[in-house]
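S.K.: Residue 11 is where the sequence shown starts when you use the numbering used here, and the numbers rise one by one after that. For reference, the structure I am asking about is given below.
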Amino acid sequence: MLDRISALLSGGPNKNSTSDRITSAKQVAAAALLIEVAVMDEKFEAVERSRIGELVAKYFDLDGTACDVLIKEAEAAAQDSGQLYKFTRVINDNYSPEERVELMELLWEVVYADGEVHDMEAGLLRQIGGLIYVSDRDRGLTRKRVAQRVSDSGS
11 MLDRISALLS
21 GGPNKNSTSD
31 RITSAKQVAA
41 AALLIEVAVM
51 DEKFEAVERS
61 RIGELVAKYF
71 DLDGTACDVL
81 IKEAEAAAQD
91 SGQLYKFTRV
101 INDNYSPEER
111 VELMELLWEV
121 VYADGEVHDM
131 EAGLLRQIGG
141 LIYVSDRDRG
151 LTRKRVAQRV
161 SDSGS
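Below, the structure is given as C-alpha coordinates:
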(Lines of atoms letter the chains of each structure in order from A; the text may use other names.)
(Lines give C-alpha, C1' and ligand atoms only; values in the text may rest on other atoms or scores of the structure.)
Protein backbone atom coordinates (compact mmCIF):
# COMPACT_ATOMS: atom_id res chain seq x y z
CA MET A 11 0.00 0.00 0.00
CA LEU A 12 2.83 2.42 0.80
CA ASP A 13 4.35 1.73 -2.62
CA ARG A 14 1.06 2.67 -4.26
CA ILE A 15 0.87 5.89 -2.24
CA SER A 16 4.44 6.79 -3.12
CA ALA A 17 3.69 6.08 -6.76
CA LEU A 18 0.62 8.31 -6.58
CA LEU A 19 2.49 11.17 -4.97
CA SER A 20 5.54 10.89 -7.20
CA GLY A 21 3.59 10.29 -10.38
CA GLY A 22 5.34 6.94 -10.76
CA PRO A 23 4.15 3.94 -12.75
CA ASN A 24 0.60 2.84 -12.20
CA LYS A 25 -1.95 0.71 -14.02
CA ASN A 26 -4.27 3.71 -14.23
CA SER A 27 -4.14 6.32 -16.93
CA THR A 28 -2.09 9.47 -16.39
CA SER A 29 -5.29 11.40 -15.75
CA ASP A 30 -6.43 8.91 -13.08
CA ARG A 31 -2.98 8.99 -11.46
CA ILE A 32 -3.01 12.80 -11.28
CA THR A 33 -6.54 12.83 -9.89
CA SER A 34 -5.60 10.24 -7.26
CA ALA A 35 -2.44 12.13 -6.29
CA LYS A 36 -4.42 15.36 -5.99
CA GLN A 37 -7.00 13.67 -3.80
CA VAL A 38 -4.47 11.91 -1.58
CA ALA A 39 -2.44 15.11 -1.12
CA ALA A 40 -5.50 17.17 -0.19
CA ALA A 41 -6.88 14.52 2.16
CA ALA A 42 -3.44 14.06 3.77
CA LEU A 43 -3.28 17.80 4.50
CA LEU A 44 -6.74 17.60 6.07
CA ILE A 45 -5.51 14.76 8.27
CA GLU A 46 -2.29 16.61 9.17
CA VAL A 47 -4.43 19.51 10.40
CA ALA A 48 -6.71 17.18 12.37
CA VAL A 49 -3.84 15.52 14.22
CA MET A 50 -1.97 18.76 14.91
CA ASP A 51 -3.49 18.99 18.38
CA GLU A 52 -2.28 15.39 18.95
CA LYS A 53 -5.85 14.05 18.97
CA PHE A 54 -7.63 12.70 15.90
CA GLU A 55 -11.13 12.87 17.28
CA ALA A 56 -14.12 11.05 15.81
CA VAL A 57 -15.78 14.36 14.97
CA GLU A 58 -12.71 15.41 12.96
CA ARG A 59 -12.53 12.07 11.17
CA SER A 60 -16.22 12.29 10.35
CA ARG A 61 -15.90 15.86 9.10
CA ILE A 62 -12.96 14.93 6.87
CA GLY A 63 -15.06 12.11 5.42
CA GLU A 64 -17.92 14.50 4.67
CA LEU A 65 -15.63 17.12 3.14
CA VAL A 66 -13.69 14.65 1.00
CA ALA A 67 -16.85 12.91 -0.23
CA LYS A 68 -18.47 16.19 -1.20
CA TYR A 69 -15.39 17.95 -2.62
CA PHE A 70 -14.25 15.00 -4.75
CA ASP A 71 -17.76 13.63 -5.40
CA LEU A 72 -16.94 10.20 -3.95
CA ASP A 73 -19.21 7.46 -2.66
CA GLY A 74 -18.70 6.04 0.83
CA THR A 75 -16.36 3.23 -0.19
CA ALA A 76 -14.14 5.40 -2.38
CA CYS A 77 -14.05 8.02 0.35
CA ASP A 78 -12.98 5.46 2.97
CA VAL A 79 -10.22 4.15 0.68
CA LEU A 80 -8.96 7.67 0.00
CA ILE A 81 -8.89 8.55 3.69
CA LYS A 82 -6.99 5.36 4.54
CA GLU A 83 -4.46 6.09 1.78
CA ALA A 84 -4.14 9.68 2.97
CA GLU A 85 -3.64 8.59 6.59
CA ALA A 86 -0.89 6.20 5.54
CA ALA A 87 0.72 8.86 3.36
CA ALA A 88 0.59 11.42 6.18
CA GLN A 89 2.11 8.97 8.68
CA ASP A 90 4.76 7.84 6.21
CA SER A 91 5.72 11.30 5.07
CA GLY A 92 5.86 13.55 8.09
CA GLN A 93 6.43 16.43 5.69
CA LEU A 94 4.04 18.99 4.28
CA TYR A 95 6.21 19.77 1.27
CA LYS A 96 5.47 16.49 -0.47
CA PHE A 97 1.74 17.20 -0.36
CA THR A 98 1.90 20.93 -1.03
CA ARG A 99 4.05 20.31 -4.09
CA VAL A 100 1.32 18.07 -5.53
CA ILE A 101 -1.27 20.73 -4.70
CA ASN A 102 0.77 23.49 -6.37
CA ASP A 103 1.39 21.37 -9.46
CA ASN A 104 -2.24 20.34 -9.93
CA TYR A 105 -4.60 22.88 -8.35
CA SER A 106 -5.61 26.25 -9.75
CA PRO A 107 -5.31 29.29 -7.45
CA GLU A 108 -9.08 29.12 -6.88
CA GLU A 109 -8.88 25.42 -5.96
CA ARG A 110 -6.10 26.18 -3.48
CA VAL A 111 -8.33 28.77 -1.79
CA GLU A 112 -11.12 26.15 -1.67
CA LEU A 113 -8.68 23.73 -0.07
CA MET A 114 -7.83 26.33 2.59
CA GLU A 115 -11.53 26.54 3.36
CA LEU A 116 -11.69 22.75 3.77
CA LEU A 117 -8.69 22.90 6.08
CA TRP A 118 -10.42 25.50 8.25
CA GLU A 119 -13.52 23.27 8.32
CA VAL A 120 -11.38 20.55 9.90
CA VAL A 121 -9.88 22.98 12.42
CA TYR A 122 -13.34 24.10 13.51
CA ALA A 123 -14.76 20.53 13.55
CA ASP A 124 -13.95 19.93 17.21
CA GLY A 125 -15.21 23.36 18.25
CA GLU A 126 -11.77 24.65 19.22
CA VAL A 127 -9.12 26.49 17.26
CA HIS A 128 -5.74 25.65 18.73
CA ASP A 129 -2.79 27.96 18.10
CA MET A 130 -0.82 25.08 16.62
CA GLU A 131 -3.61 24.35 14.12
CA ALA A 132 -3.87 28.01 13.11
CA GLY A 133 -0.09 28.13 12.74
CA LEU A 134 -0.10 25.03 10.58
CA LEU A 135 -2.76 26.56 8.32
CA ARG A 136 -0.66 29.71 8.03
CA GLN A 137 2.28 27.53 6.99
CA ILE A 138 0.26 25.44 4.53
CA GLY A 139 -1.30 28.59 3.06
CA GLY A 140 2.16 29.99 2.43
CA LEU A 141 3.37 26.75 0.86
CA ILE A 142 0.41 26.60 -1.53
CA TYR A 143 0.60 30.31 -2.33
CA VAL A 144 -2.71 31.42 -0.85
CA SER A 145 -2.48 35.08 0.15
CA ASP A 146 -2.86 36.21 3.76
CA ARG A 147 -6.03 38.01 2.71
CA ASP A 148 -7.58 34.87 1.19
CA ARG A 149 -6.54 32.80 4.20
CA GLY A 150 -8.23 35.29 6.51
CA LEU A 151 -11.37 35.39 4.40
CA THR A 152 -11.65 31.60 4.32
CA ARG A 153 -11.24 31.46 8.09
CA LYS A 154 -13.97 34.07 8.57
CA ARG A 155 -16.36 32.26 6.20
CA VAL A 156 -15.92 28.98 8.04
CA ALA A 157 -16.17 30.62 11.47
CA GLN A 158 -19.39 32.32 10.38
CA ARG A 159 -20.87 29.03 9.10
CA VAL A 160 -19.96 27.30 12.35
CA SER A 161 -21.46 30.16 14.36
CA ASP A 162 -24.64 30.15 12.26
CA SER A 163 -25.07 26.40 12.64
CA GLY A 164 -24.70 26.63 16.41
CA SER A 165 -21.88 24.06 16.53
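Beta carbons: idealized from backbone N, C-alpha and C, even for Gly. All values derive from a computational prediction rather than experimental measurement.
1. Might you give, ordered along the chain, the residues of its own chain that have their beta carbon closer than 8 angstroms to the beta carbon of Val111, omitting 5 neighbours on each side?
2. Could you tell me the distance, in whole angstroms, from the CA atom of Lys53 to the CA atom of Glu126?
3. Could you name the residues of the same chain whose beta carbon sits closer than 7 angstroms to that of Val57, not counting the 5 residues immediately before and after it, in chain order?
4. Within its chain, find whatever has a CB closer than 6 angstroms to the CB of Ile101; leave out the 5 residues flanking it on each side and keep chain order.
5. Are the Cβ atoms of Arg61 and Glu119 separated by less than 8 angstroms?
6. Please report the straight-line C-alpha distance between Ser163 and Ala157, rounded to a whole angstrom.
7. Quick check: Val47 and Leu134, are their CB atoms within less than 8 angstroms of each other?
8. Closest to Lys36 by C-alpha separation, out of Glu64, Met50, Ile45, Phe70, would be which residue?
9. Got a sec: is the Cβ-Cβ distance from Val120 to anything in chain C below 8 angstroms?
10. Just list the alpha helix (DSSP H) runs in the stretch 40-71, keeping only unbroken ones of 4 residues or longer that don't cross its boundaries, in chain order.
11. Give the DSSP-derived three-state secondary structure of Gly164 in the structure shown.
12. Determine whether the beta carbon atoms of Leu72 and Leu117 lie at a separation below 8 angstroms.
M.R.: From the atom records:
1. Val144, Asp148, Thr152
2. 12 angstroms
3. Ala123, Asp124
4. Ala39, Ile142
5. yes
6. 10 angstroms
7. yes
8. Phe70
9. Absent here is chain C; the protein component of the structure consists of one chain.
10. 56-70
11. coil
12. no
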